[in-house]
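Colleague: My questions will all concern the structure given below.
Residue numbers (our numbering), protein chains in the order written: chain A, 1 to 113; chain B, 1001 to 1115.
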């Protein structure tokens, strides 16, 4: 059984640029959630995708967008990067039919200069 | 809205000592509760979870947690800490109904283990 994988591991961008982060869900999981973890903070929910549709969104602006593909993998896109977007971005997969137990990937460390 | 408070930002214990990490939650119904551990630069690993039933739950690595509804708490315990337990620990609450299964995390407790 393959766990949740994310790419890239690290990324450096400059303010105003756009970035795409990728996530492959754990085998058999059809739901993907994205979280932002700023330094010294707990993860903050960005949004969740289920069957290729957004299934809930946290308090993040529209420049944070996502996609889910038929194989349940997912992308997080951030436009017009700001310095405060520097964080660890975590992807988690789960079975919606379960009790929302979420399995996390290792994260992508994004640095915005 | 659901929320989680972890009152202790940083705890230091000696190897072999007992450990208790505190977690208080706010949620209008019966919550789903989780403890995750994060090593530096890594993702989150699930230690244990509470959905219903027995209020004392056992997890991996010798950890356990007790759900106390009257105190809105879900404290994590370990009888004897190992140096490898040094990490950051996050308590999280999940909604028990509806279609949005987001997790709300506390700010974490950093555990340092002295030899």
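No residue lacks a Cβ here, since even glycine has one placed at the ideal position from N, Cα and C.
In the DSSP assignment, what residue or residues form a beta bridge with residue 1089 (chain B)?
Modeller: Its beta-bridge partners are B:1037 and B:1109.
Colleague: Alpha carbon to alpha carbon, how far is residue 90 (chain A) from residue 104 (chain A)? Give it in angstroms, no decimals.
Modeller: Taking the straight line from one Cα to the other gives about 7 Å.
Colleague: Beta-carbon of residue 1047 (chain B) versus every beta-carbon of chain A: anything under 8 Å?
Modeller: no
Colleague: Can you name the start and end residues of the beta strand (DSSP E) that residue 5 (chain A) belongs to?
Modeller: 5–7
Colleague: At which residues does the beta strand (DSSP E) containing residue 77 (chain A) begin and terminate?
Modeller: 74–78
Colleague: Helix, strand or coil: how does DSSP classify residue 1070 (chain B) here?
Modeller: helix
Colleague: Exposed or buried, residue 1016 (chain B), counting other C-beta atoms within 10 Å across all chains shown (16 or more means buried)?
Modeller: exposed
Colleague: On the DSSP bridge list, what partners appear for residue 89 (chain A)?
Modeller: A:36 and A:108
Colleague: According to the Cβ coordinates, are residue 1076 (chain B) and residue 1092 (chain B) closer than 8 Å?
Modeller: no
Colleague: For chain B, find out if any of its Cβ atoms is closer than 8 Å to the Cβ of residue 101 (chain A); answer yes or no.
Modeller: For residue 101 (chain A), the answer is yes, since a Cβ of chain B falls inside 8 Å of its Cβ.
Colleague: At a Cβ threshold of 8 Å, is residue 1042 (chain B) touching chain A?
Modeller: yes
Colleague: Compare the beta carbon distance of residue 1095 (chain B) and residue 1113 (chain B) with 8 Å and say whether it is the shorter of the two.
Modeller: no
Colleague: Pick helix, strand or coil for residue 1084 (chain B), following the three-state DSSP scheme.
Modeller: helix
Colleague: Does the stretch 37–56 of chain A come within contact of the stretch 78–95 of chain A, defined as at least 3 CB pairs closer than 8 Å?
Modeller: yes
Colleague: Check this for me: beta carbons of residue 65 (chain A) and residue 49 (chain A), under 8 Å apart or not?
Modeller: no
Colleague: Have a look at the DSSP bridge pairing and note the partners of residue 1026 (chain B).
Modeller: B:1003
Colleague: Can you pull the chain B residues whose beta carbon is under 7 Å from the beta carbon of residue 104 (chain A), in chain order?
Modeller: Within 7 Å of the CB of residue 104 (chain A), the CB atoms of chain B belong to 1043 and 1044, in sequence order along the chain.
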